[in-house]
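Trainee: Sharing a structure below in structure tokens format, with a few things to ask.
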Amino acid sequence: MVPVEIAANDAANNTEGNESTEQTNAPVVFSLPETVMPNMWLTDYDSLYYNQMDDYWEPPVDRHLLANLTRRNAQHGGIVQSRANMAASRYVSGGLSVQDVEAAFLNQIQFGDVALLKIRNGFRQVVRLFPLPSYRTRVAKDGGAVVLERNQQVKRYKAKDVIWVRQYDPVQQIYGCPDYLGGLQAALLNEDATLFRRKYFLNGAHMGFIMYATDPNLDPEVEQEIKTKIQDSKGVGNFKSLFVNIPNGKEKGLQIIPVGNFESKDEFMNVKNVSAQDVLNAHRFPPGLAGIIPANTAGLGDPAKYDEVYFKNETKPLIKKMINAVAQDPEVGGKLALVFDLE
Numbered sequence: 048m049v050p051v052e053i054a055a056n057d058a059a060n061n062t063e064g065n066e067s068t069e070q071t072n073a074p075v076v077f078s079l080p081e082t083v084m085p086n087m088w089l090t091d092y093d094s095l096y097y098n099q100m101d102d103y104w105e106p107p108v109d110r111h112l113l114a115n116l117t118r119r120n121a122q123h124g125g126i127v128q129s130r131a132n133m134a135a136s137r138y139v140s141g142g143l144s145v146q147d148v149e150a151a152f153l154n155q156i157q158f159g160d161v162a163l164l165k166i167r168n169g170f171r172q173v174v175r176l177f178p179l180p181s182y183r184t185r186v187a188k189d190g191g192a193v194v195l196e197r198n199q200q201v202k203r204y205k206a207k208d209v210i211w212v213r214q215y216d217p218v219q220q221i222y223g224c225p226d227y228l229g230g231l232q233a234a235l236l237n238e239d240a241t242l243f244r245r246k247y248f249l250n251g252a253h254m255g256f257i258m259y260a261t262d263p264n265l266d267p268e269v270e271q272e273i274k275t276k277i278q279d280s281k282g283v284g285n286f287k288s289l290f291v292n293i294p295n296g297k298e299k300g301l302q303i304i305p306v307g308n309f310e311s312k313d314e315f316m317n318v319k320n321v322s323a324q325d326v327l328n329a330h331r332f333p334p335g336l337a338g339i340i341p342a343n344t345a346g347l348g349d350p351a352k353y354d355e356v357y358f359k360n361e362t363k364p365l366i367k368k369m370i371n372a373v374a375q376d377p378e379v380g381g382k383l384a385l386v387f388d389l390e
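One rule links them: number in the numbering used here = place in the sequence shown (from 1) + 47.
Spelled out as structure tokens, the structure:
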């Protein structure tokens, strides 16, 4: 938001014996309109940038944004973790530990892809798999993996040592793409509504006001004291009353004009509910499994049936994608093959 800029009438060129006044009738500008989608550049792409210096492809979507988003919106963060838990709970055996299979699904859902590193023994045989952190993992030119480390250091793995599991992206096939990007703006809107509400309470549960004083009998010292009291009234729970005595004062010589009506104009609950529903839609996630209780409790439905349908339509395809990617690698088989309960 651009600060308020007020062009007032100026008095200038006051010289001794010759007093002149110049006035400029410039318009009063309160603010410029906010852009509708200020973060469009984060998700609007048609090609990838190749980092010549570090020798890897840059991801299509900012991974810091994707990582941070789960901590900025309650619905989105909970659903991402829940989807990973649903898939990991079906794991039976294979080259991943229980903890690693959960991490693999979490990376795949949150960032759209995950690189499974083949851990070898002294005889160069693959003994297990390990999910590299997608937040810091990049795709090398040869199809290998580049892991960004501290102090601008990188660790490189050859293509033969990495198995990529990707969510398909029709724009590019170097990286995967998260399937919830359509709900990104809704998640940010939900956060904005929450932050606005917090600021409202931190400001003393009001949106501010204008104290309008026109009484000429108002003493300058009293005026300064009123200003100090108003400044000190900010903060949670500071609902203080103010007594002002103006001898021979005029009616309406001191007025308080509210800036806005929070309850009627903000529509906090509507913003929260609609944006939360958009996030659920982006994940195709049932409200009954997300812990959201609808206004009509009779319409909650049977969570067990929701879970069954969601597993069939969403979780099962996600698991099969990882099973297939590992099964296609000729070095991984036998006890290392991933086994899930898909019934």
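Cβ coordinates follow ideal geometry from the N, Cα and C atoms, glycine included. Since we're looking at a predicted model, the values are computed, not measured.
Going by the CB atoms, is the gap between I366 and F387 shorter than 8 Å?
Mentor: Yes, they are a contact pair.
Trainee: Which value, in whole angstroms, describes the spacing of the CA atoms of R119 and A234?
Mentor: The straight-line gap from Cα to Cα measures roughly 8 Å.
Trainee: Let me check one thing: in DSSP terms, what residues is F387 bridge-paired to?
Mentor: Answer is Y138, bridged to F387.
Trainee: Rounded to the nearest angstrom, how far is the Cβ of V379 from that of G230, given a contact under 8 Å?
Mentor: With 8 Å as the limit, V379 and G230 do not qualify as a contact, their Cβ atoms being about 34 Å apart.
Trainee: Start and end of the beta strand (DSSP E) containing T184?
Mentor: Taken as a continuous stretch (DSSP letters only), the beta strand (DSSP E) holding T184 covers T184 to A187.
Trainee: What three-state label does DSSP hand V283 in the structure shown?
Mentor: Any reading at V283 must be qualified, since the residue scores a pLDDT of 48, below 50, and its modelled position is unreliable; the value itself is stated next. Of the three classes helix, strand and coil, the one that applies to V283 here is coil, per DSSP.
Trainee: Since Q155 contacts V212 with CB under 8 Å, what's their CB separation in whole angstroms?
Mentor: 6 Å between Cβ atoms; contact.
Trainee: Could you tell me which whole alpha helix (DSSP H) segments of length 4 or greater appear in the stretch 102-134?
Mentor: Runs of the alpha helix (DSSP H) inside the stretch 102-134: 110-119.
Trainee: Could you check the C-alpha separation between Q375 and N317 for me, to the nearest Å?
Mentor: Distance between the alpha carbons of Q375 and N317: 48 Å.
Trainee: With a CB to CB cut of under 6 Å and the five nearest residues on each side skipped, what residues in its chain are close to M133?
Mentor: Cβ within range, chain order: T362.
Trainee: Report the start-end ranges of each alpha helix (DSSP H) in the stretch 140-172 that is 4 residues or longer and not cut off at the edges.
Mentor: Listed in chain order, the complete alpha helix (DSSP H) runs (minimum 4 residues) inside the stretch 140-172 are 145-158.
Trainee: Just grab the DSSP bridge partners of L195 for me.
Mentor: According to DSSP, which records beta bridges pairwise, L195 is partnered with V201.
Trainee: Pick out whichever of L153, L112 and L301 has its Cα sitting closest to the Cα of S129.
Mentor: For S129, the nearest C-alpha among the options comes from L153.
Trainee: What are the boundary residues of the beta strand (DSSP E) that includes I210?
Mentor: I210 -> beta strand (DSSP E) spans V209 to R213.
Trainee: Pull up the DSSP beta-bridge partners for F177, would you.
Mentor: F177 is bridged to L164.
Trainee: Just confirm the distance between the C-beta atoms of V201 and V194, as a whole number of angstroms; I'd bet it's less than 8 Å.
Mentor: So it is a contact: roughly 7 Å between Cβ atoms.
Trainee: Given a cut-off of 8 Å, decide if V174 and N168 are closer than it, judged by their beta-carbon atoms.
Mentor: Cβ distance < 8 Å, so N168 and V174 count as in contact.
Trainee: Where T184 and A192 are concerned, what is the direct C-alpha to C-alpha distance, given to the nearest angstrom?
Mentor: Rounded to the nearest angstrom, the two C-alpha atoms are 6 Å apart.
Trainee: What three-state label does DSSP hand A351 in the structure shown?
Mentor: Residue state, collapsed to three classes: helix.
Trainee: Determine the closest residue to G300 out of G142, K205 and M258, with distance taken between C-alpha atoms.
Mentor: That would be M258, whose Cα lies nearest to the Cα of G300.
Trainee: Looking only at its chain, what residues have a beta carbon closer than 8 Å to the beta carbon of V468, apart from the 5 residues adjacent to it on each side?
Mentor: In this structure the chain extends from 48 to 390, so residue 468 is not present and cannot be described.
Trainee: Which class does M100 belong to by DSSP, given the choice of helix, strand or coil?
Mentor: Here M100 sits in coil by DSSP.
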